[in-house]
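Asks:
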Amino acid sequence: MSDPLIERLAALALDLVVDPPSGDDPVVQFATPTELVAAFEDSVGLAIGDDAPAHGPDDIVAAARTVVDHSVRTNHPRFMNQNFAGADPVAVVGDWLAAALNTATATFEIAPVFHLMEATLLTKLAHLAGYPVATPGGAAPDPLPPGLFCAGGSMATLYALQLARHRLQPDLVTVGAGPEPLAVFVSASGHYATGKSASLLGLGTDAVIAVEIDADGAMAPGALRAAVQVALEAGRTQLAVVATAGTTVTCAFDPLHEVADVAAEYDIWMHVDGCYGGSALFSADHRHRLAGVERSDSFVWNLHKMMGMTQQCTALLVRQPERLAACFSTGADYIFQPDKQFGEWDSGDRTFQCGRRVDALKLWLAWKAHGDAGFAARIDHAVAMADFARLLISASDDGFATIADTGFTNIVFAWVPPELRPLDLGSLSEADRSRLHRLAPRVKARMQSEGTALLGFQPVHGLNTFRLLVMNPTVGPHDVEAVLDHIARYSAEEWAQSA
Ligand SMILES: Cc1ncc(COP(=O)(O)O)c(C=O)c1O
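Just so we're on the same page, the numbering used here is the position in the sequence shown counted from 1, plus 1116.
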């Protein structure tokens, strides 16, 4: 039975996948909040008031078009704003399929295929990370997979710290946390998920100790051991070290073997935040960046970042997966009945959430469609395009200065006016520094308003800098050139106006 409204909405969505924007198409048709509210006035209005009426198909489709018109095209090759971009079309449609089947990955009885898929994928991912799992092959996977899919990297960090705390204090679940002050170590450029998790777990953000970093944002050698010693002397119990494999801004990789050595020496839980850089494991040329991850206790990997899975697709890998049940099982007998068939597969009794959305299907379909080689190609392409940007930034006469560069998918750089070239951050006058600092937000706002490109900026070494990162396999040299041209031109104009 066909329903014209459903078909029209589905066609609108499909069109975004089969005909993605490119080149000079706008990345965003920018509108202010007031303009956005007004944009819905021609169809259904944004507000849902009392006695909200039902609208007809034409109005609903018109409203959906308004949504599309004003949404950011994260699959545009000049969307370089975030460490996700360029959703894989197979994954997008795979996600629709999962939505159409609408179930929850909680019990085998309501999600039999997805339990097997999750276990298959987690085993393969754990194998890539070097965790002690059976080599993935043809047989049915183990009902206790080496981890779980969960709702994003921040949630996975929360899980990992709770697992670490449970290891320190096995009666944690029943009696609650003890009073002794704990310490969690993460590099100064690590993601804020560690601090938020510490606060939510009742450890307090004071428990989080920022470990010194090098100029490009990786944990400095020796700094972790020194920080652990200081915390020990202050009477804190060492809970966990969170090493980052791909920091958000510079994509720096902490030295995982060194971190693992310290974690082993002091008996500390080692968690690796590979939300961003974990996908380097797919590439023979880049997996060395994560050498040592196989020694960690837990590892989070966001496949919705570099791999283009739709938001969200996060794998939390756990070296000793039985810890999940020890920490999160409730044994609720109205859903995890001990006497039902295949109950040993029920993942819901190993997780904090009851039902989880199906994130496995899109990844499984994409992996089957592209194979290991296709996944590797996605990483290698991103680095090749970043290398091209590197070349342009270092060789151009446009006044770019590299501020941090770890040689992977990111380059952090500034535009420098002729009178300040070559840039020497140490000898900039306060007036010049502050004038230069105000440039990046203005250039970004201009690109955003015109829809020419979207690119992040953030302070690095005290100066607002641009972050060019490549995630989308459709980014070509022409896109990189165009984005850098815009930045150089707008920067020169804004600098002149700020005199
Ligand atoms: C290094 C790193 N860790 C953790 C996260 C948080 O992941 P999520 O947005 O899935 O919570 C991010 C997100 O950008 C990240 O870059």
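We put the beta carbon where it would ideally sit given N, CA and C, even for glycine.
For serine 1414, write down the residues that DSSP places opposite it in a beta bridge.
Replies: Here the question's residue 1414 lines up with position 298 in the sequence shown. Note: serine 1414 sits in a beta bridge opposite His1387 and Val1434.
Asks: Would you list the residues sitting across from glutamine 1285 in a DSSP beta bridge?
Replies: As a first step, residue 1285 must be located in the sequence shown, where it is residue number 169. According to DSSP, glutamine 1285 bridges with nothing at all.
Asks: Please indicate yes or no: does the CB of cysteine 1443 lie closer than 7 Å to some heavy atom of ligand 1?
Replies: As a position in the sequence shown, residue 1443 is number 327, starting the count at 1. Checking the Cβ of cysteine 1443 against ligand 1 gives no.
Asks: Three-state secondary structure (DSSP) at glycine 1471?
Replies: Locating residue 1471 in the sequence shown gives position 355, counting from the first residue. If DSSP states are grouped into helix, strand and coil, glycine 1471 belongs with coil.
Asks: Which partner residues of arginine 1583 appear in the DSSP bridge assignment?
Replies: The count along the sequence shown starts at 1 and reaches residue 1583 at position 467. DSSP, once it has assigned bridges, lists Val1528 and Gly1572 as partnering arginine 1583.
Asks: Apart from the five residues on each side of it in sequence, which residues of its chain come closer than 8 Å, Cβ to Cβ, to valine 1604?
Replies: Position 488 of the sequence shown, counted from the first residue, corresponds to residue 1604. Sequence check: residue 1604 is alanine here, not valine. Correct list, in chain order: Ser1512, Asp1514, Gly1515, Phe1516 and Trp1531.
Asks: Return the residue from the list Gln1354, Arg1562 and Ala1276 that minimises the CA-CA distance to valine 1416.
Replies: Here residue 1416 is taken as the residue at index 300 of the sequence shown, counted from 1. It is Ala1276.
Asks: Based on the DSSP output, what are the partners of serine 1303 in its beta bridges?
Replies: Mapped onto the sequence shown, residue 1303 falls at position 187. According to DSSP, which records beta bridges pairwise, serine 1303 is partnered with Val1327.
Asks: Check whether the Cβ of cysteine 1391 lies closer than 7 Å to any heavy atom of ligand 1, and answer yes or no.
Replies: Position 275 of the sequence shown, counted from the first residue, corresponds to residue 1391. Checking the Cβ of cysteine 1391 against ligand 1 gives yes.
Asks: Does at least one heavy atom of ligand 1 sit under 7 Å from the Cβ of glycine 1202?
Replies: As a first step, residue 1202 must be located in the sequence shown, where it is residue number 86. Checking every heavy atom of ligand 1 against the Cβ of glycine 1202, none is found closer than 7 Å.
Asks: Using only the alpha-carbon positions, how far apart do alanine 1407 and alanine 1326 sit?
Replies: Counting from one through the sequence shown, the residue named residue 1407 turns up at place 291. Counting from one through the sequence shown, the residue named residue 1326 turns up at place 210. Their backbone Cα atoms lie some 22 Å apart in a straight line.
Asks: With DSSP collapsed to three states, give me the class of phenylalanine 1195.
Replies: Position 79 of the sequence shown, counting from 1, holds the residue named residue 1195. It is a strand residue.
Asks: Pick out whichever of Trp1461, Leu1244, Thr1363 and Val1378 has its Cα sitting closest to the Cα of lysine 1421.
Replies: Position 305 of the sequence shown, counted from the first residue, corresponds to residue 1421. Cα-wise, what sits closest to lysine 1421 is Thr1363.
Asks: Mind checking asparagine 1191: buried by the 16 CB within 10 Å criterion, or exposed?
Replies: Taking the sequence shown and counting its residues from 1, the one referred to as residue 1191 is at position 75. So asparagine 1191 counts as buried.
Asks: Could you check the C-alpha separation between proline 1575 and arginine 1411 for me, to the nearest Å?
Replies: To locate residue 1575, count along the sequence shown from 1; it is residue 459. To locate residue 1411, count along the sequence shown from 1; it is residue 295. Answer to the nearest angstrom: the Cα atoms are 33 Å apart.
Asks: According to DSSP, simplified to helix, strand and coil, what is valine 1152?
Replies: The residue given as residue 1152 occupies position 36 in the sequence shown. The sequence as given places leucine at residue 1152; valine does not occur at that position. Reduced to three states, the DSSP call for leucine 1152 is helix.
Asks: Return the CA-CA distance between serine 1228 and alanine 1482, expressed in angstroms with no decimal places.
Replies: Along the sequence shown, read from residue 1 onward, the residue named residue 1228 stands at position 112. Along the sequence shown, read from residue 1 onward, the residue named residue 1482 stands at position 366. With the sequence shown as reference, residue 1228 is identified as proline, and serine is not the correct amino acid for it. Distance between the alpha carbons of proline 1228 and alanine 1482: 20 Å.
Asks: Looking at the strands, I want to know which residues DSSP matches up with alanine 1356.
Replies: As a working mapping, residue 1356 is identified with position 240 in the sequence shown. DSSP lists Val1300 and Trp1385 as partners of alanine 1356.
Asks: Exposed or buried, glycine 1253, counting other C-beta atoms within 10 Å across all chains shown (16 or more means buried)?
Replies: What you label residue 1253 is simply residue 137 of the sequence shown in a count that begins at 1. Classification for glycine 1253: exposed.
Asks: Could you check if cysteine 1266 is buried or exposed, using at least 16 other CB atoms within 10 Å of its CB as the buried criterion?
Replies: Along the sequence shown, read from residue 1 onward, the residue named residue 1266 stands at position 150. The residue in question, cysteine 1266, is buried, as its Cβ has 16 or more Cβ neighbours within 10 Å.
Asks: In whole angstroms, give me the CA-to-CA distance for phenylalanine 1444 and threonine 1467.
Replies: Within the sequence shown, numbered from 1, the residue matching residue 1444 stands at position 328. Within the sequence shown, numbered from 1, the residue matching residue 1467 stands at position 351. Rounded to whole angstroms, phenylalanine 1444 to threonine 1467 spans 6 Å at the Cα level.
Asks: Hey, alanine 1498 and methionine 1563: beta-carbon distance below 8 Å or not?
Replies: Within the sequence shown, residue 1498 is the residue found at index 382, counting from 1. Within the sequence shown, residue 1563 is the residue found at index 447, counting from 1. Not a contact, by the Cβ cut-off of 8 Å.
Asks: Within the same chain, show all residues whose beta-carbon is closer than 7 Å to that of valine 1324, passing over the 5 residues directly before and after it, in chain order.
Replies: As a working note, residue 1324 is residue 208 in the sequence shown. These residues qualify, in order along the chain: Val1300, Val1302, Thr1310, Gly1311 and Ala1314.
Asks: Taking 6 Å as the limit between beta carbons, can you name the residues of its chain near alanine 1201, skipping five residues before and five after?
Replies: Counting from one through the sequence shown, the residue named residue 1201 turns up at place 85. Answer for alanine 1201: Thr1190, Phe1195, Met1587 and Asn1588, listed in chain order.
Asks: For alanine 1309, is the beta carbon positioned less than 7 Å from some heavy atom of ligand 1?
Replies: Start at 1 with the first residue of the sequence shown, and residue 1309 comes out as number 193. Because some heavy atom of ligand 1 lies under 7 Å away, the Cβ of alanine 1309 counts as near it: yes.
Asks: Counting only runs of 4+ residues fully inside the stretch 1215-1264, write out the alpha helix (DSSP H) ranges in chain order.
Replies: List check, alpha helix (DSSP H) in window: 1228-1245.
Asks: Could you say which of Ser1187, Val1591, Gly1578 and Asp1413 lies nearest to phenylalanine 1529 if we only look at CA atoms?
Replies: Position 413 of the sequence shown, counted from the start, is the residue given in the question as residue 1529. Closest option to phenylalanine 1529, Cα to Cα, is Gly1578.
Asks: Whether or not the stretch 1482-1496 and the stretch 1383-1399 are in contact is what I'm after, with contact meaning three or more pairs of Cβ atoms, one per stretch, closer than 8 Å; do they touch?
Replies: These segments touch.
Asks: When you compare only the Cα positions, how much space is there between lysine 1484 and glycine 1338?
Replies: Taking the sequence shown and counting its residues from 1, the one referred to as residue 1484 is at position 368. Taking the sequence shown and counting its residues from 1, the one referred to as residue 1338 is at position 222. Roughly 42 Å separates the two Cα atoms.
Asks: Note down, in chain order, each residue of its chain lying with its Cβ closer than 6 Å to the Cβ of cysteine 1458, except the 5 sequence neighbours on either side.
Replies: Stepping through the sequence shown from its first residue, residue 1458 is reached at position 342. Per the sequence shown, the amino acid found at residue 1458 is phenylalanine instead of cysteine. Here the set comprises Phe1224.
Asks: Compare the beta carbon distance of tryptophan 1385 and arginine 1283 with 8 Å and say whether it is the shorter of the two.
Replies: Along the sequence shown, read from residue 1 onward, the residue named residue 1385 stands at position 269. Along the sequence shown, read from residue 1 onward, the residue named residue 1283 stands at position 167. Yes; because the gap between Cβ atoms is below 8 Å, this pair is in contact.
Asks: For valine 1206, which of Asp1449, Pro1149 and Gly1424 has the nearest alpha-carbon?
Replies: Counting from one through the sequence shown, the residue named residue 1206 turns up at place 90. For the residues Asp1449, Pro1149 and Gly1424, the minimum Cα distance to valine 1206 belongs to Gly1424.
Asks: Can you tell me which of Ala1222, Gln1436, His1373 and Pro1538 puts its alpha carbon nearest to the alpha carbon of histidine 1404?
Replies: The residue you call residue 1404 lines up with position 288 of the sequence shown. Minimum Cα distance to histidine 1404 is reached at His1373.
Asks: Would you report the Cα separation of alanine 1380 and valine 1388, rounded to the nearest angstrom?
Replies: Taking the first residue of the sequence shown as position 1, residue 1380 is located at position 264. Taking the first residue of the sequence shown as position 1, residue 1388 is located at position 272. Roughly 14 Å between the two C-alpha positions.
Asks: Measuring from the CB of threonine 1363, is there a heavy atom of ligand 1 at a distance below 7 Å?
Replies: As a working note, residue 1363 is residue 247 in the sequence shown. Yes.
Asks: For alanine 1270, count the other beta carbons within 10 Å of its own beta carbon; 16 or more makes it buried, fewer makes it exposed. Which is it?
Replies: Walking along the sequence shown from the start, residue 1270 turns up at place 154. Note that residue 1270 is serine in the sequence shown here, rather than alanine. Result: buried.
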